[in-house]
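In order, the protein sequence lines correspond to chains U and D. Using the UniProt record's numbering, the letters of the first sequence map in sequence onto residues 1 to 692. Using the UniProt record's numbering, the letters of the second sequence map in sequence onto residues 1 to 201. Notes follow the structure.
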Amino acid sequence: MGSEDQVFNLMKLLDDGIKQAETIESKLDSYDKILQGVKEQMEMMKEKDTLMSVRNQNHQKLLAELENLVKQLELEEKYSSSLSNGDLSTPNGILDCTAAAQQLQRCQHAAIHPALKKMGAAEEQLRKFNQLASSFSKRLSHYLNNLFIHQGNEMGETLSRQSSDLRLPPHNSSHRDLTPYTELMAWLKQSDRDAFRQLTKVYTNNLSKLYVKEIQFFLETAKQVAVGKGDKSRLNISGGRLSGSSASLSTPMDAKNRAGSVHSIDSASVADGDMAMRHLFDQVFDKVLSELEPMCLAEQDFCCKFFHLQSGVQQAPKQSDVIDEAEDTGDIWMKQKPKITIQLAEDDSYPREYIVENLGEGLTSKVPTWQLRQINDEIRSLLTDLFPNLQDDLDGFIQSSDRQDGYYSMYMLVRMNEHVANTQDAGSFLSVTFASSLVKIKRNFDKFVQQQIKTIEENKVSKKAKCGIISFVHTFEDFANQAEVIFRNSERHTDLDKAYQKLVAAIFGSIQRIAAEHPKTPKEVIMMENFHHMHSTLSQLKIPCLENEKKEAKAKYNEYLSAYTKERLGRPLEKLHVFVEGVNAKMNQGVKPEEVGFQLAFSKTELRKVIKEYTGKEVKKSLENLYKKLEKHLSEEENLYQVVWVSMQGEFIAQYKSYEELIRKCYADSNITLEFTIDNVLEFFSNIAQSH
Amino acid sequence: MASKAKASQPAVIHKVIMVGSGGVGKSALTLQFMYEEFVEDYEPTKADSYRKKVVLDGEEVQIDILDTAGQEDYAAIRDNYFRSGEGFLCVFSITEQESFQATAEFREQILRVKNDDNIPFLLVGNKADLEDRRQVTLDEANQRAHGWNVPYVETSAKTRANVDKVFYDLMREIRSRKMKASQQSNGQKGKKTKKRKCTIL
Chain U
1 MGSEDQVFNL MKLLDDGIKQ AETIESKLDS YDKILQGVKE QMEMMKEKDT
51 LMSVRNQNHQ KLLAELENLV KQLELEEKYS SSLSNGDLST PNGILDCTAA
101 AQQLQRCQHA AIHPALKKMG AAEEQLRKFN QLASSFSKRL SHYLNNLFIH
151 QGNEMGETLS RQSSDLRLPP HNSSHRDLTP YTELMAWLKQ SDRDAFRQLT
201 KVYTNNLSKL YVKEIQFFLE TAKQVAVGKG DKSRLNISGG RLSGSSASLS
251 TPMDAKNRAG SVHSIDSASV ADGDMAMRHL FDQVFDKVLS ELEPMCLAEQ
301 DFCCKFFHLQ SGVQQAPKQS DVIDEAEDTG DIWMKQKPKI TIQLAEDDSY
351 PREYIVENLG EGLTSKVPTW QLRQINDEIR SLLTDLFPNL QDDLDGFIQS
401 SDRQDGYYSM YMLVRMNEHV ANTQDAGSFL SVTFASSLVK IKRNFDKFVQ
451 QQIKTIEENK VSKKAKCGII SFVHTFEDFA NQAEVIFRNS ERHTDLDKAY
501 QKLVAAIFGS IQRIAAEHPK TPKEVIMMEN FHHMHSTLSQ LKIPCLENEK
551 KEAKAKYNEY LSAYTKERLG RPLEKLHVFV EGVNAKMNQG VKPEEVGFQL
601 AFSKTELRKV IKEYTGKEVK KSLENLYKKL EKHLSEEENL YQVVWVSMQG
651 EFIAQYKSYE ELIRKCYADS NITLEFTIDN VLEFFSNIAQ SH
Chain D
1 MASKAKASQP AVIHKVIMVG SGGVGKSALT LQFMYEEFVE DYEPTKADSY
51 RKKVVLDGEE VQIDILDTAG QEDYAAIRDN YFRSGEGFLC VFSITEQESF
101 QATAEFREQI LRVKNDDNIP FLLVGNKADL EDRRQVTLDE ANQRAHGWNV
151 PYVETSAKTR ANVDKVFYDL MREIRSRKMK ASQQSNGQKG KKTKKRKCTI
201 L
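If you want it as structure tokens, here you go:
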């Protein structure tokens with residue numbers, strides 16, 4: 001039973017163990033509870049920490065935003081004082097104001113969130129800016145307004161004092177004066193459209209008055225110079241600008257010589273006085289166009305930039321041309337704009353599209369499309385306002401010149417065409433103006449040609465005994481010689497060609513009319529002489545389009561030379577001639593040669609009767625009379641005696657032979673011969689030659 | 001305008017006659033001189049008259065050119081225009097011996113009609129551009145010219161070589177002849193008027 005104790009002990013031990021274990025367990029439980037509390041606290045702390053850092057960040061962002069806002073909306077004191085009091089008349093003042101205005105603009109258009117603009121402070125600041133801007137815009141407008149008016153007046157005053165050289169006063173200096181305000185104008189354009197528009201109007205109003213006066217004065221001077229009043233040296237053709245065209249300014253004499261005919265002086269038949277006047281006018285007209293061109297271009301260029309009418313102009317090839325050209329006119333933009341794109345203009349790889357502009361009256365002008373695009377309607381209308389009378393004044397000059405001398409229209413046509421073709425900016429105001437004038441000039445030229453045609457068609461038959469060369473044949477020679485010199489190398493030669501054809505047609509027609517109407521000179525002589533002269537003139541001119549007319553003239557000349565020869569040669573042996581004609585007529589009717597003699601009117605007796613009338617002495621006398629008639633009919637000037645006489649001699653001998661032949665054939669065994677031999681005839685000819 | 005044109009016609013007129021056989025290039029020379037043109041196709045001339053104003057040594061004069069037929073059945077027909085000429089260009093072709101021989105006849109007739117051994121006269125060898133077809137040597141032409149006491153010039157109407165020269169040289173001869181004649185006639189004025197009176201009587 002010891003074992004019972006042992007079991008009991010064991011049990012007790014076990015109970016102890018359990019108790020121990022329970023104590024440990026309860027301890028562990030209490031630890032566990034403590035740990036639970038710590039965890040909760042830790043979690044709370046973590047949450048608080050996150051919140052704190054968010055707040056921190058937000059504070060920082062807010063600070064930055066506010067700093068930016070303040071920076072954006074802050075205008076330094078010096079700027080705002082420049083804006084309200086800055087001196088607009090000194091370069092430094094202008095620079096300050098320009099910088100200030102730019103700063104102000106930056107502030108006004110600051111990149112801030114729209115919501116922020118609702119902030120009281122921001123609102124207030126922006127309101128302040130707007131006030132500043134509007135007061136500055138007023139101040140600037142007022143100042144520029146006065147400046148424009150002042151400039152207009154000042155230059156107007158100097159106009160009357162300027163020398164009477166044929167030139168337009170340059171506007172470089174006034175442009176130079178205004179240039180510093182360019183950036184301010186840009187600012188104004190952005191900030192105050194109305195003020196800008198108003199200012200533009202003031203500028204155009206004042207300057208247009210000035211330009212109108214200048215151009216009228218200039219054109220008036222040009223008229224004076226062109227009619228030779230006053231000093232010709234006024235024309236002042238200096239090398240530079242005119243050098244390009246000076247080659248074509250050479251006198252017609254030079255031109256003719258250069259053309260190759262060594263000493264020919266055909267064109268000199270026109271009175272030297274007329275030629276000198278026309279030459280002078282040509283120079284004056286070229287000068288007028290050459291003066292107007294740079295003036296308009298400079299003004300256009302200035303306005304483009306000053307009023308900021310074109311965007312991205314620097315890239316435009318056209319613009320570089322202007323810059324390029326401006327070099328010699330002391331251009332005001334040179335300092336500011338870098339020359340960048342000059343090569344572009346000559347770049348052949350540049351797409352060359354053209355728009356062919358039809359100007360009417362058969363005139364066209366080729367305009368590259370890339371140039372056309374550059375031309376802005378705004379600029380054109382501004383220029384139209386600036387030069388309101390240019391078109392009328394120029395047209396007036398053209399018309400009054402045209403009234404002075406119809407030949408002027410030819411010079412003007414060629415010159416104006418040159419200027420229109422060489423213009424650097426097709427489609428610009430000036431080009432449009434010139435093109436419109438060109439159309440009018442072309443009309444004048446057509447009228448001039450029409451007038452000449454009328455003169456030709458109304459030419460009265462002269463009452464002189466000898467008709468000779470009709471005046472309009474000479475006139476055409478002079479006209480063509482001059483016109484060839486004027487139109488040499490001109491594109492407008494096609495217009496001249498058309499005129500030639502009309503004129504020559506009128507001349508040919510009128511020669512025939514006068515030939516038929518002339519009371520004394522035979523028709524054949526008038527035709528022969530005048531067509532001979534026309535042929536000679538046309539041969540000398542060598543105008544390709546008149547090749548057919550030249551041939552026609554030659555054919556007409558030959559036709560009437562032979563007609564005249566035949567007509568007159570009927571006379572010396574008239575009865576014999578009539579007799580022979582009759583015989584020929586019979587034979588043509590079918591009568592056999594050997595039977596002609598049996599016809600009553602053509603019997604041998606009749607033939608003998610006729611032949612008897614023409615003894616050698618008679619024939620000699622009538623040949624002498626014929627030669628005298630020839631001298632009476634033919635003109636000294638065309639000098640065709642010898643030609644006609646040779647033709648008549650030849651024809652007479654041919655007739656003689658044909659009569660002999662006819663007699664031999666029709667009256668074979670009758671032994672009838674003419675009363676004179678061929679040797680007699682030759683002797684008569686020699687005698688006539690000796691006695692003249 | 002017509003009156004102006006007429007008024008400006010030079011007072012001095014030199015009358016030149018082209019002579020020579022057919023086809024030697026008389027018309028070609030004339031047309032080249034007048035209009036600077038050369039026509040290839042040949043068309044025989046009957047007679048044609050040309051007139052041109054030129055500057056001869058600074059003086060404005062007029063040249064009248066009578067271009068004549070080379071082929072004429074009867075020499076007498078030429079009498080009249082030979083008589084009207086003040087100077088002669090006697091043309092042959094260097095490629096044709098016959099045309100060279102014919103110049104002698106022309107010369108003879110001119111001297112007979114003009115009755116003047118010193119009449120302005122140039123012997124002209126045309127077609128000088130056709131050297132490879134030459135039949136008339138420079139020597140024989142020069143010799144003949146020397147014998148006649150006249151200048152000899154070779155020309156080409158085709159290339160215009162010496163064309164102006166022959167016309168201008170001839171005009172100069174005509175001019176100097178006229179000057180001599182007027183000096184003489186001034187000197188013999190009295191004599192002449194007397195003579196004329198006689199004929200009237």
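For each residue, glycine too, the CB sits at the ideal point set by N, CA and C.
Option nearest residue i by Cα separation, candidates the options
i: U/Leu-386; options: U/Ser-191, U/Thr-423 and U/Glu-214; result: U/Glu-214
i: D/Ala-141; options: D/Thr-103, D/Leu-130 and D/Asn-80; result: D/Thr-103
i: D/Met-171; options: D/Pro-44, D/Val-54 and D/Phe-100; result: D/Val-54
i: residue 213 of chain D; options: D/Lys-46, D/Asp-73 and D/Thr-95; result: Shown here, chain D extends from 1 to 201; a query on residue 213 of chain D therefore has no answer.
i: D/Val-12; options: D/Ser-185, D/Asn-186 and D/Ser-176; result: D/Ser-176
i: U/Lys-209; options: U/Asp-669, U/Phe-598, U/Leu-390 and U/Tyr-564; result: U/Leu-390
i: U/Asp-272; options: U/Ala-298, U/Asp-478, U/Ser-691 and U/Tyr-79; result: U/Asp-478
i: U/Lys-520; options: U/Val-578, U/Lys-629, U/Asp-194 and U/Pro-572; result: U/Lys-629
i: U/Lys-556; options: U/Phe-302, U/Arg-568, U/Lys-523 and U/Gly-582; result: U/Lys-523
i: U/Gly-86; options: U/Asn-130, U/Ala-226, U/Asp-49 and U/Tyr-143; result: U/Tyr-143
Close Cβ partners of residue i (< 6 Å) along its chain, the five nearest in sequence each way excluded
i: D/Arg-83; result: Val-113
i: D/Val-91; result: Gly-20, Val-24, Lys-26, Val-124 and Asn-126
i: U/Gln-151; result: Ser-174
i: U/Met-52; result: none
Residues of its chain near residue i, where Cβ-Cβ distance is below 8 Å and the 5 sequence neighbours each way are ignored
i: D/Leu-111; result: Asp-117 and Ile-119
i: U/Gln-501; result: Cys-545, Leu-546 and Glu-549
i: U/Ala-122; result: Leu-69, Leu-73, Ile-112 and Leu-116
i: U/Tyr-411; result: Arg-278, Phe-281, Asp-282, Phe-285 and Ile-486
C-beta contact flag for residue i and residue j at 8 Å
i: U/Asn-530; j: U/Ile-453; result: no
i: D/Phe-121; j: D/Val-150; result: yes
i: D/Leu-66; j: D/Val-166; result: no
i: U/Leu-382; j: U/Thr-204; result: yes
i: D/Gln-135; j: D/Gln-97; result: yes
i: U/Val-610; j: U/Lys-575; result: yes
i: U/Asn-639; j: D/Arg-51; result: yes
i: U/Gly-616; j: U/Ala-601; result: no
With 16 other Cβ atoms within 10 Å as the buried cut-off, status of residue i
i: U/Ser-510; result: buried
i: U/His-113; result: exposed
i: D/Gly-87; result: buried
i: D/Asn-115; result: exposed
i: U/Asp-402; result: buried
i: D/Thr-30; result: buried
i: U/Glu-4; result: exposed
i: U/Ile-441; result: buried
i: U/Ile-18; result: exposed
i: U/Met-11; result: exposed
i: D/Tyr-42; result: exposed
i: U/Leu-35; result: exposed
i: U/Ile-543; result: buried
i: D/Ser-182; result: exposed
i: U/Ala-259; result: In this prediction, U/Ala-259 has a pLDDT of 35, which is less than 50 and means its spatial position is unreliable; nothing more can be read from the coordinates.
i: U/Ile-24; result: exposed
Cutoff 7 Å; reference residue i; Cβ partners in own chain excluding five residues on either side
i: U/Thr-182; result: Lys-305 and Phe-306
i: U/Ser-539; result: Lys-550
i: U/Ser-349; result: The predicted position of U/Ser-349 is uncertain, since its pLDDT is 39 and thus under 50; a value taken from the coordinates is nonetheless stated next. So no residue of the chain qualifies.
i: U/Leu-104; result: Leu-75, Tyr-79, Leu-83, Phe-129, Leu-132 and Ala-133
i: U/Phe-148; result: Val-202, Tyr-203 and Asn-206
Using a Cβ-Cβ cut-off of less than 7 Å, list which residues of the region 654-684 of chain U approach chain D; keep chain order. Result list: Leu-682.
Quick one, which residues of the region 160-180 of chain D are near chain U if we go by CB-CB under 9 Å, in chain order? The region 160-180 of chain D vs chain U, Cβ under 9 Å: Asp-164 and Tyr-168.
Compile a chain-ordered list of the residues in the region 27-54 of chain D whose CB is closer than 9 Å to at least one CB of chain U. Residues Leu-31, Met-34, Tyr-35, Glu-36, Glu-37, Lys-46, Ala-47, Asp-48, Ser-49, Tyr-50, Arg-51, Lys-52, Lys-53 and Val-54.
Contacting positions in the region 416-440 of chain U - beta carbon closer than 8 Å to chain D: Look at the region 416-440 of chain U: it has no residue with a C-beta under 8 Å from a C-beta of chain D.
Of the residues that make up the region 638-654 of chain U, which ones have a beta carbon closer than 8 Å to any beta carbon in chain D? Answer in chain order: Glu-638, Asn-639, Leu-640, Tyr-641, Gln-642, Val-643, Trp-645, Val-646, Ser-647, Gln-649, Gly-650 and Ile-653.
Which of the residues in the region 76-103 of chain D, read from start to end, lie with their CB under 7 Å from any CB of chain U? So the list reads Ala-76, Ile-77, Asp-79, Asn-80, Tyr-81, Arg-83 and Ser-84, given in the order they occur along the chain.
When Cβ atoms are compared, which residues of the region 598-613 of chain U fall closer than 8 Å to chain D? Listed by position, the residues of the region 598-613 of chain U near chain D (Cβ gap below 8 Å) amount to none.
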